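Chains as they are written, first to last, in our numbering: chain A, 6 to 461; chain B, 604 to 1105.
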């Protein structure tokens, strides 16, 4: 601490006419003060000792770089280009929080390029600054739909990421029964796609929105997307789609599928998993005033200076919780803004061709993994060929539990797929495996061989 | 002191959409024949309108934008955010968890969980609470955690429908009333009394069998400590409500007070502020939420348990639900753990002392500047780590506002001061926070710059109102920002609405 040298410390106190800092705390009554043992571990003030402690402690981890990992389902191991790491570790982006529109200019331009490039992928013109996660984005979007329609019922896939579902449920519950949003499950097929006949039967005049995901949690494409939007609109409901934007080089964007509000994750766009710290979410829509008025996020708009230069400023600030406290839209605060900078760098690196190539590669890798795993005796891969990154592997015929199999795979240096048996008991012993561009055909073959050995 | 002859970097860098050329690539991927793998009707027909650039061009573009951001390279005393240096040892160490998937078996995350548990124990010591979770992805998300735990706690006692009010104060952070309202509560906001904090009488009038919780900051961001806070907590709890301490302003009182000792059921620390973690321009952040054993069963899960040297993940029995997927921004928890370990108890106390000393040193000098006053001028005594000032006199004398002063100070390499949360109960407010990591020379320079700008304002107010001049760009025109026909968060929207390029 720059002012902790005794002479400097004493000089500052002398400016205040003091010899110790104690009088400065005079506002705090004596009986509020703690004088006991704070039970703190010994200080490691010397960086050399601290670094060694951290290094030896963290060496107890086994990461997805050490092992071959097939964990996905909401947060995935994608390749993070080296340039992205350099940019997000720039001190100018990494350490500050807020300046003026002029002194934050470069950061604000990067944020604008994030919303702008994401909007191009989504084919939607209004994109907010990011929120904490996909689940938080969906929760906010459901509340937006409820305010837009005055209705309080949301239809959503019965097969949904349980983590995301738990976050959404907290956003929709309410201490005021009249304000609570009811979540109604729509039956899904084995790939997580909505049953359109069931959806049509469930839609009513109380339905605020229909929510679907594309790709779905189980990796299937929502082939009924356009029909879902048509049915929802006919019932006066909003259509909200959950999107993994890394698919949008090859998959039709929500903007052309009749979606009103799109939400999703930005983590696949060049952000490390970081044990969950890489999560980030987005909310986007058509650029219409009625939608803009419901955003809880901060909105960074291109504008001009008094001299006519390009500039950036926050639009509709008054409707945020910063502007209107409990009268604002939900709430906002610190979010995942550094990841907007990672994602904009990533999108600029890929460009339209990179997104197409990567999308095609992910389709092929997923198919290859499905074929390879289906060849393992006793193992069934659910669904047909068209899947994206995630796929359900059914182990019921093996008589072994997923937990047991995953334990055995650890001995082969492999993290098996997410165990679905707790969240989806009707699937029995099934797991959600994820394959991305970090896996090559040898990795997939190694997984299949290890599974064959484990299950033999 | 002589003002620096500063000028911000200005690259006149175009938007990325106007850069590149067809066919340029920044990343290549192995070719793959995906024919037939996209269902009919779902194939993308038109490529996304993204720029096409080579890797070095992308790198240089964003390096230039980083240089067009002052950040912590200048001096930032942005109050309420505790702008402090982020030790790079922690930043470096945290990269070791980048490739961890949060659903890995706990046995493969023992190092990470040791840090999480270690910080939990450190915060228990500093607060007196029994258990912390790091799932909340920011301070506001920790307030949201309190809101949903409040819901679950009263519902479990059969009082979910009758306790429908949450009490806060006008000076508490907006996230407290906002998250309470989002959770379905009626919000009661207490106004301030003459002493700079709400009266005990106003609290007693608000508390009833409908009270679900109190959510409050103390000290507030005017540097005023409510000496009756323990009686406040007793009053709320006697009526059956929970008491939540938003410890956003912990920096000045670290080691001196503990939330639990004051009677609170729960508290929140911001790791990206008080605990030395990088802010990222607004996250990823962590609101570390700690509570008593009575509330612990309602925490979002999973939480970390320790048995000897083994760490396990457990789901609380009556969890109120999740505030975010998985366990939180755990790479940031590693950094906070590193910071707290480097500081130790004595270092924390010294940091608190210095932050309060520097604030009062600033106050002494700032109040000598013409046109500057402090909130509640009739309240004597030292403030804690922040003081709320007003430039109302300057504004009345010259027409120069606090925002104008903020802009002009940026011409000297000083980034924005914090003004005030809404509503502005002090006109033309400004709120610097010195913290413990800025050398006295920087603090003096900051004060000299403010004095310089005030002097300019009295001599030539129009000049200050039109500032900045040495920044990347001139002053923002806010004309477009609330106009649906002109605002644009994307290049596509801008080009549609503004046929002539910016």
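Virtual Cβ for every residue (Gly too), placed ideally from N, Cα, C.
These figures come from a predicted structure and were not determined experimentally.
field: Interface residues of chain A facing residue 641 (chain B) [CB-CB closer than 8 Å]
entry: Per Cβ cutoff of 8 Å: 226, 255, 256, 368, 391.
query: Between the beta-carbon of residue 955 (chain B) and the beta-carbon of residue 843 (chain B), is there less than 9 Å?
result: No; because the gap between Cβ atoms is not below 9 Å, this pair is not in contact.
- prompt: In whole angstroms, what separates the C-alpha of residue 862 (chain B) from that of residue 726 (chain B)?
  reply: Distance between the alpha carbons of residue 862 (chain B) and residue 726 (chain B): 11 Å.
Option nearest residue 929 (chain B) by Cα separation, candidates A:329, A:114, A:280: Minimum Cα distance to residue 929 (chain B) is reached at A:280.
query: Alpha carbon to alpha carbon, what distance is there between residue 1100 (chain B) and residue 343 (chain A)?
result: The alpha-carbon atoms of residue 343 (chain A) and residue 1100 (chain B) are separated by roughly 29 Å.
query: What's the call for residue 140 (chain A), buried or exposed, on a 16-neighbour Cβ count within 10 Å?
result: Buried, by the Cβ-count rule.
- prompt: Where in the region 321 to 345 of chain A do unbroken runs of the beta strand (DSSP E), each at least 3 residues long, occur, reported from the N-terminal end onward?
  reply: The region 321 to 345 of chain A contains no whole beta strand (DSSP E) run of 3 or more residues.
task: May I have the straight-line CA-CA distance separating residue 625 (chain B) from residue 1035 (chain B), to the nearest angstrom?
output: Their backbone Cα atoms lie some 48 Å apart in a straight line.
- prompt: Can you give the beta carbon distance from residue 1048 (chain B) to residue 676 (chain B), rounded, assuming they're within the 8 Å contact cut?
  reply: About 14 Å separates the Cβ atoms of residue 1048 (chain B) and residue 676 (chain B), ruling out a contact at the 8 Å cut-off.
field: Reduced DSSP secondary structure (H/G/I, E/B, other) of residue 1015 (chain B)
entry: It is helical.
Contact list for residue 91 (chain A) against chain B, beta-carbon separation under 9 Å: Under the 9 Å cutoff, chain B gives 662, 665, 666.
task: Specify whether the region 357 to 375 of chain A and the region 159 to 174 of chain A touch according to this definition: at least 3 beta carbon pairs, one from each stretch, less than 8 Å apart.
output: The count of Cβ pairs closer than 8 Å, one atom from the region 357 to 375 of chain A and one from the region 159 to 174 of chain A, stays below three, leaving the stretches out of contact.
- prompt: Mind listing which residues of the region 246 to 278 of chain A have their C-beta closer than 8 Å to chain B's C-betas, in chain order?
  reply: For the region 246 to 278 of chain A, the set of positions with a beta-carbon nearer than 8 Å to some beta-carbon of chain B reads 253, 254, 255, 256, 257, 258, 261, 277, 278 in chain order.
Residue range of the alpha helix (DSSP H) that includes residue 147 (chain A): Going by DSSP, residue 147 (chain A) is part of the alpha helix (DSSP H) stretching over 139 to 154.
- request: Might you give, ordered along the chain, the residues of its own chain that have their beta carbon closer than 8 Å to the beta carbon of residue 127 (chain A), omitting 5 neighbours on each side?
  value: The residues 248, 250, 253, 258, 259, 260, 267, 289, in chain order, have a CB closer than 8 Å to that of residue 127 (chain A) in the same chain once the five nearest residues on each side in sequence are set aside.
- request: Decide if residue 985 (chain B) is buried, meaning its Cβ has at least 16 other Cβ atoms within 10 Å, or exposed.
  value: Residue environment analysis places residue 985 (chain B) among the buried positions, since at least 16 neighbouring C-beta atoms fall within 10 angstroms of its C-beta.
message: Output needed for residue 1020 (chain B): all residues of its chain with C-beta closer than 7 Å, excluding positions within five of it in sequence on either side, in chain order.
response: Residues of the same chain with a CB within less than 7 Å of the CB of residue 1020 (chain B), apart from the 5 flanking positions on each side, are 680, 681, 682, 1009, 1033, 1034, 1035 in chain order.
query: Would a check of beta-carbon distances place residue 292 (chain A) closer than 9 Å to chain B?
result: True, the Cβ-Cβ gap to chain B drops below 9 Å.
message: To be precise: take each residue of the region 1026 to 1049 of chain B, compare its Cβ to all Cβ atoms of chain A, and keep it if any distance is under 9 Å. Which residues remain?
response: Within the region 1026 to 1049 of chain B, the qualifying residues are 1026, 1039, 1040, 1041, 1042, 1043, 1044, 1045, 1046.
query: Mind pulling the chain B residues with CB within less than 7 Å of residue 45 (chain A)?
result: For residue 45 (chain A), the neighbours in chain B by C-beta distance under 7 Å run, in chain order, 725, 728, 947, 948.
message: Suppose the cutoff is 6 Å on Cβ atoms and the five residues either side in sequence are ignored; what does the same chain contact list for residue 809 (chain B) look like?
response: For residue 809 (chain B), where only same-chain residues beyond five positions count, the Cβ hits under 6 Å are 770, 791.
- prompt: Quick one, are the C-beta atoms of residue 1027 (chain B) and residue 652 (chain B) less than 9 Å apart?
  reply: No, the Cβ-Cβ distance between residue 1027 (chain B) and residue 652 (chain B) is not below 9 Å.
query: Can you tell me where the beta strand (DSSP E) with residue 909 (chain B) in it begins and where it stops?
result: If you look at residue 909 (chain B), you'll find it in the beta strand (DSSP E) that goes 906 to 910.
- prompt: Taking C-beta to C-beta, are residue 926 (chain B) and residue 903 (chain B) nearer than 9 Å?
  reply: Yes; because the gap between Cβ atoms is below 9 Å, this pair is in contact.
- prompt: Given 8 Å as the limit, is there contact between the region 301 to 314 of chain A and the region 718 to 736 of chain B, that is, 3 or more CB pairs closer than that?
  reply: No contact exists between the region 301 to 314 of chain A and the region 718 to 736 of chain B.
- prompt: Can you name the residues of chain A whose CB is closer than 7 Å to the CB of residue 882 (chain B)?
  reply: Identification of chain A residues near residue 882 (chain B) by a Cβ-Cβ cut-off of 7 Å yields 100, 101, 102, ordered along the chain.
message: As a quick exercise: from A:426, A:16, A:74, A:34, pick the residue whose alpha carbon is nearest that of residue 469 (chain A).
response: Lying before the first or after the last residue shown, residue 469 (chain A) is absent from chain A, which here runs from 6 to 461.
message: Short of 8 Å Cβ to Cβ, which residues in the region 159 to 178 of chain A face chain B?
response: Only 166, 168, 169, 171, 172, 174, 175, 176, 178 from the region 159 to 178 of chain A bring a Cβ to less than 8 Å from some Cβ of chain B.
query: Going by the beta-carbon positions, is the gap between residue 740 (chain B) and residue 76 (chain A) smaller than 9 Å?
result: It is not a contact, given that the beta carbons lie outside the stated cut-off.
message: If you reduce the DSSP assignment to three classes, tell me which class residue 226 (chain A) lands in.
response: It is coil, neither helix nor strand.
query: In chain order, what residues of the same chain lie with their CB nearer than 7 Å to the CB of residue 1107 (chain B), ignoring the 5 residues before and after it?
result: Because chain B in this structure spans residues 604 to 1105, residue 1107 (chain B) falls outside the shown range and cannot be described.
message: Taking 9 Å as the threshold (beta carbon to beta carbon), is residue 348 (chain A) in contact with chain B?
response: No - not a single Cβ of chain B is within 9 Å of the one on residue 348 (chain A).
Residue 809 (chain B): first and last residue of the uninterrupted alpha helix (DSSP H) it sits in: Start and end: 803 to 809.
- prompt: Under 9 Å Cβ-Cβ, which residues of chain A neighbour residue 722 (chain B)?
  reply: Residues of chain A passing the Cβ test: none, with the nearest at roughly 10 Å.
field: Residue(s) in a DSSP beta bridge with residue 734 (chain B)
entry: For residue 734 (chain B), which the question treats as bridged, DSSP gives the partners B:894.
- prompt: Just to confirm, are residue 239 (chain A) and residue 154 (chain A) a CB contact at a threshold of 9 Å?
  reply: For the 9 Å CB-CB criterion, residue 239 (chain A) and residue 154 (chain A) do not form a contact.
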